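Everything on this sheet refers to the single structure shown next.
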Amino acid sequence: MADVKPNHTLYINNLNEKIKKEELKKALYAIFSQFGQIIDILAFAHLKMRGQAHVIFKEINSAATALRSMQGFPFYDKPMRIQFSHIDSDVIAKAKGTYVERPKKNIAVPKKKKKAVEVATTKKGKAPKDGQRSSAPPNKILFITNLPPECTKEMLSVVFQP
């Protein structure tokens, strides 16, 4: 993004998501340390942030050189996409004296999941067992699947006779 001004932190995405967090940090340190002193590397393992990392340099010039040199570099068989971070990292903001604590985002269970859990539980508060369907209206027709080939109509009538 051209409208983001250069800063100490590089945002990197399109990273291989199968790489473990610690291995990813070590590999990023190995390839980016040639451009200058690295203060920190942030990589997260949770689903939303997989395949992304932040590399924080001590000098802005080092970050700019790294961005120009490593843009599109094949890293674990995927070309890296690099840009300057939109905001200064907390480490840099604290060093500058401009740090303002941001409110933590409340990671709540999405409404769809809550509703699915509520629907899955029956009136007694127990989840339905495998093979059972909940909240189906009563019906005179019974649909049976996965019967063995040797099962006959007579066998079924004996089992289900009132």
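Just add 1290 to wherever you are in the sequence shown, counting from 1, and you've got this note's numbering.
Every residue, glycine too, gets a C-beta built ideally from N, C-alpha and C.
For clarity, every value in this text was computed on a predicted model and none was experimentally measured.
Within this structure, are the beta carbons of residue i and residue j separated by less than 8 Å?
{"i": "S1359", "j": "F1325", "result": "yes"}
{"i": "Y1301", "j": "Q1373", "result": "yes"}
{"i": "I1329", "j": "K1348", "result": "yes"}
{"i": "D1378", "j": "T1299", "result": "yes"}
{"i": "E1307", "j": "G1341", "result": "yes"}
Relative to the alpha-carbon of residue i, which residue among the options has its alpha-carbon at the smallest distance?
{"i": "R1371", "options": "P1439, N1304, V1449 and E1440", "result": "N1304"}
{"i": "A1354", "options": "F1322, V1449 and K1316", "result": "F1322"}
{"i": "K1295", "options": "N1351, P1438 and N1429", "result": "N1351"}
{"i": "A1317", "options": "P1364, L1337, K1395 and F1433", "result": "P1364"}
{"i": "T1435", "options": "D1293, L1446 and V1381", "result": "L1446"}
{"i": "N1297", "options": "K1386, M1339, A1335 and F1450", "result": "K1386"}
Is it buried or exposed for residue i, if we count other Cβ within 10 angstroms and need 16 for buried?
{"i": "L1357", "result": "buried"}
{"i": "V1345", "result": "buried"}
{"i": "I1431", "result": "exposed"}
Using a Cβ-Cβ cut-off of 8 Å (strictly less than) and excluding sequence neighbours within five positions of residue i, which residues of its own chain qualify?
{"i": "G1362", "result": "P1369, M1370 and R1371"}
{"i": "D1293", "result": "none"}
{"i": "Y1389", "result": "D1380 and A1383"}
Identify the residues that DSSP records as bridge partners of residue i: which are they?
{"i": "H1344", "result": "Y1301 and L1332"}
{"i": "K1368", "result": "F1365"}
{"i": "Q1373", "result": "Y1301"}
Tell me which same chain residues have a C-beta within less than 6 Å of the C-beta of residue i, skipping the five on either side of it?
{"i": "A1333", "result": "K1311, L1314, K1315 and A1343"}
Given residue i, which residues of its chain have a CB within under 7 Å of its CB, disregarding the five upstream and five downstream residues?
{"i": "G1415", "result": "Legend: pLDDT at G1415 = 48, less than 50; position of this residue unreliable, value from coordinates given subsequently. Hits under 7 Å: none found."}
{"i": "M1291", "result": "Note that M1291 scores a pLDDT of 46, beneath 50, so its modelled location is shaky and nothing firm can be said."}
Is there a Cβ from chain B that is less than 8 Å from the Cβ of residue i?
{"i": "K1348", "result": "Protein chain content of the structure displayed is limited to a single chain, and chain B is not contained in it."}
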